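**Q** Mind looking over this structure? Questions follow.
Protein chains: 2
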Amino acid sequence: LPPQATVRRLSIYLRCLNLLDEEGVSVVSSRELAERLDLNPAQVRKDLAYFGEFGKRGVGYSVLKLRDHIIKILGLQQKRLVGIIGAGGRLGHALALYKGFEKRNFKVVALFDKDPHVINQVYGEAGPIHHVSELPRLVKALGIEILVLCVPAEAVPEAFEYVLLSGARAVLNFAPVKLASTEEVTVHNVDLAMELESLSYHLGIRETG
Amino acid sequence: LPPQATVRRLSIYLRCLNLLDEEGVSVVSSRELAERLDLNPAQVRKDLAYFGEFGKRGVGYSVLKLRDHIIKILGLQQKRLVGIIGAGGRLGHALALYKGFEKRNFKVVALFDKDPHVINQVYGEAGPIHHVSELPRLVKALGIEILVLCVPAEAVPEAFEYVLLSGARAVLNFAPVKLASTEEVTVHNVDLAMELESLSYHLGIRETG
Ligand SMILES: NC(=O)c1ccc[n+]([C@@H]2O[C@H](COP(=O)([O-])OP(=O)(O)OC[C@H]3O[C@@H](n4cnc5c(N)ncnc54)[C@H](O)[C@@H]3O)[C@@H](O)[C@H]2O)c1
Ligand SMILES: NC(=O)c1ccc[n+]([C@@H]2O[C@H](COP(=O)([O-])OP(=O)(O)OC[C@H]3O[C@@H](n4cnc5c(N)ncnc54)[C@H](O)[C@@H]3O)[C@@H](O)[C@H]2O)c1
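As structure tokens, this is what we get:
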């Protein structure tokens, strides 16, 4: 299996290839891709080699062929259905309305919460907020594959219990509790403080010159 | 300059070293660090070598020494002050209250917005929401280094104008517009759809077996 960082770079290559296509570029070398992304050309070739041979030595990669290949590797050729747990909260509500998900073929189709004041409220196209106890039934009925967890830390055990009962295969966790993947469910934990740490690194370089 | 991905991995090593310290482990090899993080040991050694020599061949790294070194490299030994633009909105409000920032030595000290209905509202310790036109004055008065941008796409040009006037050196952009870094300001763009793409990759593997 390729390392996690390689998979993340595929998302970055995909965005770059989309831009190249918009600019009318039809062939690109690993060197040109690396330059555009501030990466090392050997890293680009190594990343792509995990998934088979594409480009011709000395000629480069076909932008469209490579893009379509990466779309398949990332499993983005089909629409992935998403549910949000804690949708009545600030973060969950913001993610329920974020148009950037649909642009990448992710559709938020169901919202869940526990707070009686928010049940049945409607946000955009995702429909009414359901009580979290409905999760197992609706995940199966709608074919939801990914659940986004936006609940407080103390609610994670109960919410994850419902996730396991539902049969959903993937969880994106924002709650400040490190959740581990299981046999059936792949879990990715997000901590936006890490985004600030990479900015802090650049502030440190400016200070030391 | 080390690649962006290396800097991100430093944040991951830092969290792992904190855990090892809590478990009472005082020495760790690049192999053990790599195993815990599902990385390649040569990648760990290569990452750390960018920043000087720390471990002894065959002995490993001192957990505390390596942790403190990474804290310094990431510029985390001092508190970094943060302001949020669009704090009256859903995402901005959720980030204003997120306790994970302070745990990593980032303190949200000022909130900004343009909507007259939210000006002067108080969220937690960050104080009242100021009008965005106050940004240049308050960034200088408080010594804010990082601004988090949580405004709609059409508001980005105006908000970024205030950022440039303020002298802040770093921006974390959530708005769906790709902002470029300038001479004075390092900009990182966040698209949470990329987190879903790395989950989609794992869904794709399950499907093809
Ligand atoms: N990882 C990050 O970078 C990051 C950033 C910001 C916030 N957060 C975290 O995200 C979470 C949400 O933050 P917020 O500001 O939106 O909080 P919030 O209080 O506004 O929202 C939480 C929502 O979860 C609901 N809830 C509580 N228990 C539940 C349960 N058992 N099942 C279903 N829903 C339940 C609540 O009713 C509420 O609507 C918090 O844990 C916060 O720490 C993480
Ligand atoms: N990158 C991601 O992964 C991601 C995820 C979710 C949302 N978003 C984006 O984040 C932004 C905020 O989302 P939201 O759901 O919180 O929206 P929102 O409408 O709730 O909040 C936007 C806030 O910005 C304020 N604002 C507007 N113009 C301003 C200006 N010129 N100066 C200062 N403040 C101004 C508004 O008054 C409002 O309070 C949107 O652009 C959304 O697309 C990005």
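Chains as they are written, first to last, in our numbering: chain A, -12 to 196; chain B, -12 to 196. Each residue gets a CB set at the ideal place from its N, CA and C atoms; glycine is no exception. The model shown is predicted, which means the values in this text are computed figures rather than measured ones.
(1) Compare the C-beta of ALA180(A) with all C-beta atoms of chain B and state if any pair is closer than 8 Å.
(2) CB-CB under 8 Å to LYS59(B), same chain, minus the five flanking residues each way: which ones, in chain order?
(3) Answer yes or no: does any C-beta atom of chain B fall closer than 8 Å to that of ASP25(A)?
(4) Under 7 Å from any heavy atom of ligand 1, does the C-beta of PHE161(A) make it?
(5) Between LEU134(A) and ligand 1, is the CB less than 7 Å from at least one heavy atom?
(6) Compute the distance between the beta-carbons of ARG67(A) and ASN92(A), then report whether it is under 8 Å.
(7) Do LYS69(B) and ILE131(B) have their CB atoms nearer than 8 Å?
(8) Using a Cβ-Cβ cut-off of 8 Å, state whether ARG91(A) counts as contacting chain B.
(9) Since LEU183(A) and CYS137(A) are thought to touch, with beta carbons under 8 Å apart, how far apart are those beta carbons, to the nearest angstrom?
(10) Should ILE116(A) be flagged as near chain B, meaning a C-beta pair shorter than 8 Å?
(11) Any contact between the region -3 to 12 of chain A and the region 171 to 188 of chain B? By contact I mean 3 or more CB pairs, one from each, below 8 Å.
(12) Below 7 Å, is the gap between the Cβ of PHE99(A) and the nearest heavy atom of ligand 1?
(13) For the region 155 to 188 of chain B, which segments carrying the beta strand (DSSP E) assignment without a break, of at least 3 residues, lie completely within its bounds, in sequence order?
(14) Does the beta-carbon distance from LEU82(A) to VAL135(A) come in below 8 Å?
(15) Quick check on the burial criterion: 16 or more other C-beta atoms within 10 angstroms. Buried or exposed for ILE192(B)?
(16) Going by alpha carbons, who is nearest to ILE57(B) out of LYS43(B), VAL31(B), LEU122(B)?
**A** Straight from the coordinates:
(1) For this step, residue 180(A) is matched to residue 193 along the first sequence. Yes, ALA180(A) counts as interfacial toward chain B.
(2) Taking the first residue of the second sequence as 1, we reach residue 59(B) at position 72. Closer than 8 Å at the Cβ level, and outside the excluded window around LYS59(B), lies no residue.
(3) By 1-based counting over the first sequence, the position of residue 25(A) is 38. By this cut-off, ASP25(A) is an interface position.
(4) Looking up residue 161(A) in the first sequence gives position 174. At least one heavy atom of ligand 1 is nearer than 7 Å to the Cβ of PHE161(A), so yes.
(5) Against the first sequence, residue 134(A) aligns to sequence position 147. Checking the Cβ of LEU134(A) against ligand 1 gives no.
(6) Locating residue 67(A) in the first sequence gives position 80, where the first residue counts as 1. Locating residue 92(A) in the first sequence gives position 105, where the first residue counts as 1. Yes.
(7) By 1-based counting over the second sequence, the position of residue 69(B) is 82. By 1-based counting over the second sequence, the position of residue 131(B) is 144. Going by the sequence as given, residue 69(B) is Val instead of Lys. Cβ atoms of VAL69(B) and ILE131(B): closer than 8 Å.
(8) As a first step, residue 91(A) must be located in the first sequence, where it is residue number 104. Yes, because at least one Cβ of chain B sits closer than 8 Å to the Cβ of ARG91(A).
(9) As a first step, residue 183(A) is located in the first sequence; it is residue number 196 there, counting from the start. As a first step, residue 137(A) is located in the first sequence; it is residue number 150 there, counting from the start. Their Cβ separation, rounded to whole angstroms, is 19 Å, which puts LEU183(A) and CYS137(A) out of contact at 8 Å.
(10) Residue 116(A) sits at position 129 when you count from the first residue of the first sequence. It does not: the Cβ of ILE116(A) has no partner Cβ on chain B nearer than 8 Å.
(11) yes
(12) As a position in the first sequence, residue 99(A) is number 112, starting the count at 1. Answer for PHE99(A): yes, Cβ within range of ligand 1.
(13) 157 to 160, 173 to 176
(14) Walking along the first sequence from the start, residue 82(A) turns up at place 95. Walking along the first sequence from the start, residue 135(A) turns up at place 148. For LEU82(A) and VAL135(A), yes; Cβs fall inside 8 Å.
(15) Position 205 of the second sequence holds residue 192(B). That one is exposed.
(16) Against the second sequence, residue 57(B) aligns to sequence position 70. Closest by alpha carbon: VAL31(B).
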